[in-house]
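In my numbering, the protein residues as written are 1 to 309. Report on the structure given below.
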């Protein structure tokens, strides 16, 4: 199992120094990646569950990359309709080159309609826009003379450099859990990153994904499976943290180390190989302390040594 650190809420990082301390500590503790989300504005109707503080994901990802040597930058997830595909492809390729190939591109359709309105993005076409975005970026990253003709983006015989270091392109993880998300992962993805699913729903979704992949001549081994867990601060706080996370109890990792390892093993048994851990509602100092405890109590017993991401 590879562990990532979810950086949200970003209010814990008022400056570059606090961010650098955190990500460098994560790297030294053996975390494999840092998870970066994507919001531009937060409607007040969502203020109880979403912090209003959101750094630009590509700027934040760059800051993480230049502050570390091995830690991967995992966007989980970029909301495709919020970005022009050509500019997004350029930013991701540039970051992949400058980081030495340490980028994973989580892509999702988004869900907050008011945020789409603020950005002038069409909410009801977000699925089709996302599909085109992925295909257009792949064309730019892999073709000598890229051309693409879609409903929402088009270009003809262009030069595009630099191309990503990772070949054929950085891994693309499809975020979400509805049927169309599974189809998108089977068609276009290198990974699947569901959100807020119970263990039983995950089992059913994985079986459906297996069927969709087989219909396209692909196998489950072709995809990375990634999940995000909100860690309870101490044992016995699972239900409260579930409410705070707005999800099923399967999305919350127990604060008891033995139980946490059992929960991680259950996800590993389903085929998940990447877990992003979010230590919610903590100050910057408490976050660093929680990371150190997690390494000592969970990662080390699982054979993940400090400094080995």
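Every residue, glycine too, gets a C-beta built ideally from N, C-alpha and C.
- How about residue 164 and residue 224: do their beta carbons lie closer than 7 Å? Contact: no.
- Which residues does DSSP pair with residue 227 in a beta bridge? BP columns for residue 227 point to 275.
- Task: Inspect the CB distances between the stretch 5-14 and the stretch 274-294 and report whether three or more fall short of 8 Å.
- Result: Flag = yes, the stretch 5-14 and the stretch 274-294 touch.
- Query: Can the beta-carbon of residue 107 be found less than 7 Å from the beta-carbon of residue 136?
  - Reply: Annotated as distal: residue 107 and residue 136, with beta-carbon spacing of 7 Å or more.
- Task: Would you decide whether residue 89 is buried or exposed? Buried here means 16 or more other CB atoms lie within 10 Å of its CB.
- Result: Residue 89 should be labelled buried.
- Message: DSSP three-state label for residue 215, please.
- Response: Residue 215 falls in the helix class under three-state DSSP.
- Item | Selected residue, minimal CA-CA separation from residue 72, among 43, 104, 194 and 42 | When the alpha-carbon of residue 72 is set against those of 43, 104, 194 and 42, the nearest one is in 104.
- Task: Check whether the stretch 173-183 touches the stretch 192-206, taking contact to mean three or more Cβ pairs, one atom from each stretch, closer than 8 Å.
- Result: Yes: at least three Cβ pairs fall under 8 Å.
- Whole-angstrom distance between residue 17 and residue 10, CA atom to CA atom: When only Cα atoms are considered, residue 10 and residue 17 end up about 13 Å apart.
- Query: Which whole-angstrom value is the C-beta distance of residue 52 and residue 42, which I expect to be below 8 Å?
  - Reply: Sure, about 5 Å apart at Cβ, within 8 Å.
- How do the stretch 61-77 and the stretch 130-147 stand: do at least 3 beta-carbon pairs fall below 8 Å, yes or no? The stretch 61-77, when compared against the stretch 130-147, does not touch it at the 8 Å Cβ threshold.
- Query: To the nearest angstrom, how far is it from the Cα of residue 293 to the Cα of residue 120?
  - Reply: Using only the alpha carbons, I get a separation of about 43 Å.
- Task: Go ahead and pull the three-state DSSP assignment for residue 174.
- Result: Of the three classes helix, strand and coil, the one that applies to residue 174 here is strand, per DSSP.
- Item | Outcome for residue 149 when other beta-carbon atoms lying within 10 angstroms are tallied against a minimum of 16 | Counting other Cβ atoms within 10 Å of its Cβ, residue 149 stays below 16 and is therefore classed as exposed.
- Message: Less than 8 Å between C-beta atoms, sequence neighbours within five positions excluded: which residues of the same chain meet that for residue 290?
- Response: If we look at residue 290 and ignore the five residues flanking it on each side, its Cβ neighbours are 231, 233, 279 and 282.
- Message: Within the continuous beta strand (DSSP E) that includes residue 73, where are the two ends?
- Response: First-last of the beta strand (DSSP E) with residue 73: 72-79.
- Who are the Cβ neighbours of residue 179 in its own chain at under 8 Å, not counting the five residues just before and after it? 208.
- What is the DSSP secondary structure of residue 111, reduced to helix, strand or coil? Residue 111 falls in the coil class under three-state DSSP.
- Query: From 31, 171 and 274, pick the residue whose C-alpha is nearest to that of residue 188; which is it?
  - Reply: The shortest C-alpha separation from residue 188 is found at 171.
- Under 7 Å between C-beta atoms of residue 220 and residue 211: Result no, Cβ atoms of residue 220 and residue 211 do not sit closer than 7 Å.
- In terms of residues, what are the limits of the beta strand (DSSP E) holding residue 6? Segment 2-6, the beta strand (DSSP E) holding residue 6.
- Message: Rounded to the nearest angstrom, what separates residue 273 and residue 34 at their Cα positions?
- Response: Going from the Cα of residue 273 to the Cα of residue 34 covers about 15 Å.
- Proximity winner among 217, 216 and 143, relative to residue 155 (alpha-carbon distances): For the options 217, 216 and 143, the alpha carbon positioned closest to that of residue 155 is the one of 143.
- Query: Since residue 284 is in the alpha helix (DSSP H), which residue starts that stretch and which ends it?
  - Reply: Start and end: 284-294.
- Message: Using DSSP's beta-bridge definition, name the partner residues of residue 104.
- Response: Its beta-bridge partners are 74.
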